[in-house]
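Chemist: Let me begin by handing over the structure; questions about it come next.
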Amino acid sequence: MKLFGFAAGVAATLTLLSTTSAFAVTQISWWHAMTGANAEVVGKISKDFNASQSDYELVPVFKGTYPETLNAGIAAFRAGQAPDILQVFDVGTGVMMAAEGAIKPVAEVMTGAGMTFDKSQYLPGIVGYYSKPDGTMLSFPYNSSSPILYYNKDIFQKAGLDVNNPPKTWNEVWEAAKKIKTSGAAPCGYTSTWLTWIHLENFAAWNDVSWATQQNGLAGGDVELKINAPIFVNHFQALADLAKDGTFKYGGRTSEAKQIFLAGECGIFTESSGGLGDIVKSGMNYGIGQLPYDSDAKGAPQNTTPGGASLWVFGAKSDEQYKGVAAFFAYLSKTDVQEYLHQKSGYLPVTLAAYEATKKSGFYDKNPGRETPILQMTGKAPTDNSKGVRLPNLPQVRDIQNEEFEKMLAGQQTAQQALDNAVTRGNAAIKEALEN
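Residue numbers -24 to -1, 1 to 412, in mature numbering (1 follows the signal peptide of the UniProt record, and there is no 0), belong to the letters of the sequence shown in order.
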């Protein structure tokens, strides 16, 4: 498949960003999308890596939001000025995988630099998502996350809810949200970021139901969506019904709803574990619960799938640049570095050693709920329904789904109509992407 408007061989014409010699430090460019506290983490990790050795200089460059950073990388590739490392959010995984010759698999980068690369050291659910069907690891998982439930303990107490017992099923969420609203404890009961990621993709995985054929796109590109099955329809109709009187409040397509929760407007909130930093900074008396599951789903909960982003390496770089990238990834894999990233940001540690070290230190005992996203992703071996979602045009398909959800929440159509339309339009978009 052609991508970025170029065939595979065009990657060989990429202009090298860094010149090297036996006497010069090799610069490694890293384009990222981290803001706020997470940008501070990027800065510290980069500074510490540079201080740890004298052969390479890692240069982090902020390129905007996740979509903006991906678009900047594509534009730079077309101009022959691609960075060495590009941070790409999970939605862009299929886009990068389909970029023939544009990227160099991280497994090849590591082994090519003479470094031992053992993917068994990394959390299995994360490794599986960023690997080809044959197991080749394509990108380095930098900031992986899992959706979890947050709740405002003060609002729970005002509503007469148990502050130590967050809802575990979606039916319990609906009932708690109604009680919050009717009691006057808060203007709304429940809000959520990323409806497509949390309420479709992870809803499917967590309840072990199919999101699409071909193992949700991981086993092949000829994919048909299955998101208009009864379990999805019932779930979204419940959201639509709660939205009628404001019990559920829609914030937007990505992370906008976080501000609604931080403002104390809603008592219950589903969001990425990577959003923890802002909640901690707010000073809210908050609690953490696992992502709710459907009580009618057999075998639920299963496992969640990773969000966040990973680091992709562009092709046609020099051997010295690849050695520098490999050195950085090896540094990122160090236990103390992963402990810092995990504990500071709320993102998951990508190595098993960092997870065990964090657990041994007593961090989870002192910070209840912080282990929840890891347990969700690693508690059970992934099934064909729960390995993740991958499409060559997933950002476009998500936009289609969001358009239909917004019409539904505005009372213009039922959940059945919204999901039927999302399937029809989504399948057409997938087919068109494959043909082009």
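Ideal placement from N, C-alpha and C gives every residue a C-beta, glycine not left out. All values derive from a computational prediction rather than experimental measurement.
Is it buried or exposed, Thr272, if we count other Cβ atoms within 10 angstroms and call 16 or more buried?
Modeler: Correcting the residue identity first, residue 272 is Asp in this sequence and not Thr. Classification of Asp272: exposed, given that the 10 Å Cβ count is below 16.
Chemist: Using C-beta distances below 7 angstroms, list every residue in its chain close to Val326, excluding the 5 sequence neighbours before and after it, in chain order.
Modeler: Tyr98, Leu99, Ile102, Pro117, Ser120, Gln314
Chemist: Short check: CB of Tyr298 to CB of Val85, under 8 angstroms?
Modeler: yes
Chemist: Drop a sphere of 10 angstroms on the beta-carbon of Arg366, count the other beta-carbons inside from all chains shown, and report buried for 16 or more, exposed for fewer.
Modeler: buried
Chemist: In terms of residues, what are the limits of the beta strand (DSSP E) holding Asn119?
Modeler: 116 to 121
Chemist: Across which residues does DSSP place Gln63 in a beta bridge pair?
Modeler: DSSP output for Gln63 lists Leu287 as bridge partner(s).
Chemist: Could you tell me the distance, in whole angstroms, from the CA atom of Phe179 to the CA atom of Trp288?
Modeler: 27 angstroms
Chemist: Would you say Thr87 and Gln63 are within 8 angstroms of each other, going by their C-beta atoms?
Modeler: no
Chemist: In chain order, which beta strand (DSSP E) runs of at least 3 residues are fully inside the segment 13 to 87?
Modeler: 32 to 38, 61 to 65
Chemist: Count the C-beta pairs between the segment 154 to 172 and the segment 347 to 358 that are closer than 8 angstroms, then say yes if the count reaches three, no if not.
Modeler: no
Chemist: Give the C-beta separation of Gly291 and Ile79 to the nearest angstrom, bearing in mind that I take them to be a contact with Cβ-Cβ under 8 angstroms.
Modeler: 6 angstroms
Chemist: Closest to Lys155 by C-alpha separation, out of Gly243, Val185, Gly228, would be which residue?
Modeler: Gly243
Chemist: For Ser107, list the residues DSSP reports as bridge partners.
Modeler: Met113
Chemist: Can you tell which of Gly197, Asn128, Trp173, Ala181 has its C-alpha closest to the C-alpha of Gly165?
Modeler: Among Gly197, Asn128, Trp173, Ala181, the Cα nearest to that of Gly165 is on Asn128.
Chemist: Label Asp341 either buried or exposed according to how many other C-beta atoms from any shown protein chain fall within 10 Å of its C-beta, with 16 as the threshold for buried.
Modeler: Under this definition Asp341 is an exposed residue.
Chemist: Is it the case that the Cβ atoms of Ala391 and Ala216 are separated by a distance below 8 angstroms?
Modeler: yes
Chemist: Would you mind sorting Ser(-4) into buried or exposed? The rule is 16 or more other CB atoms within 10 Å of its CB.
Modeler: Unreliable positioning characterises Ser(-4) in this predicted model, as indicated by a pLDDT of 39, which lies under 50. A coordinate reading is not provided.
Chemist: When DSSP labels each residue in this structure, what does Asn192 get in the three-state scheme?
Modeler: Here Asn192 carries a helix assignment [DSSP, helix/strand/coil].
Chemist: Look at the Cβ atom of Gly253, then the Cβ atom of Gly77, and state whether they are nearer than 8 angstroms.
Modeler: With contacts defined by Cβ atoms closer than 8 angstroms, Gly253 and Gly77 do not form a contacting pair.
Chemist: From Thr400 to His318, what distance separates their C-alpha atoms?
Modeler: 40 angstroms
Chemist: Near Lys134, which residues of its chain fall below 6 angstroms by C-beta distance, leaving aside the five closest residues on each side in sequence?
Modeler: The residues are Ala161.
Chemist: Specify the secondary structure class of Trp187 as computed by DSSP and reduced to three states.
Modeler: Coil.
Chemist: Return the Cβ separation of Lys157 and Gly222 in integer angstroms, given the expectation that the two are a contact with Cβ distance under 8 angstroms.
Modeler: 7 angstroms
Chemist: Give me the DSSP bridge partner(s) of Glu247.
Modeler: According to DSSP, which records beta bridges pairwise, Glu247 is partnered with Ile124.
Chemist: Please work out which residues of its chain come closer than 6 angstroms, Cβ to Cβ, to Gly136, disregarding the five sequence neighbours upstream and downstream, and give them in chain order.
Modeler: none
Chemist: Are the CB atoms of Asn403 and Met353 within a distance shorter than 8 angstroms?
Modeler: With contacts defined as CB atoms closer than 8 angstroms, Met353 and Asn403 fail to qualify as a contacting pair.
Chemist: Which whole runs of the beta strand (DSSP E) in the segment 268 to 334 are 3 residues long or more, in chain order?
Modeler: Listed in chain order, they are 283 to 289.
Chemist: Can you grab the Cα-Cα spacing for the pair Ala219 / Glu148, in whole Å?
Modeler: 16 angstroms
Chemist: What residues in its chain sit with their C-beta under 6 angstroms from that of Pro81, if we drop five residues either side in the sequence?
Modeler: Thr112, Leu114
Chemist: What first and last residue would you give for the beta strand (DSSP E) that runs through Lys225?
Modeler: Looking at the DSSP string, the run of the beta strand (DSSP E) that includes Lys225 is 224 to 226.
Chemist: Could you give the DSSP three-state label for Thr354: helix, strand or coil?
Modeler: Thr354 sits in a helix when the DSSP states are folded into three classes.
Chemist: Out of curiosity, what's the CA-to-CA distance linking Ile255 and Gly345?
Modeler: 13 angstroms
Chemist: Mind checking who Gly402 pairs with in its DSSP beta bridge?
Modeler: None, per the DSSP bridge assignment.
Chemist: In whole angstroms, give me the CA-to-CA distance for Thr246 and Ile174.
Modeler: Spanning the alpha carbons of Thr246 and Ile174 requires a straight line of approximately 8 angstroms.
Chemist: How is the alpha helix (DSSP H) around Ser96 delimited, first residue to last?
Modeler: Run containing Ser96: none; DSSP gives neither H nor E here.
Chemist: Where does Ser(-4) fall in DSSP's three states?
Modeler: Interpretation of Ser(-4) is limited by its pLDDT of 39, a score under 50 that renders its predicted location unreliable; the figure taken from the coordinates is listed afterwards. Here Ser(-4) sits in coil by DSSP.
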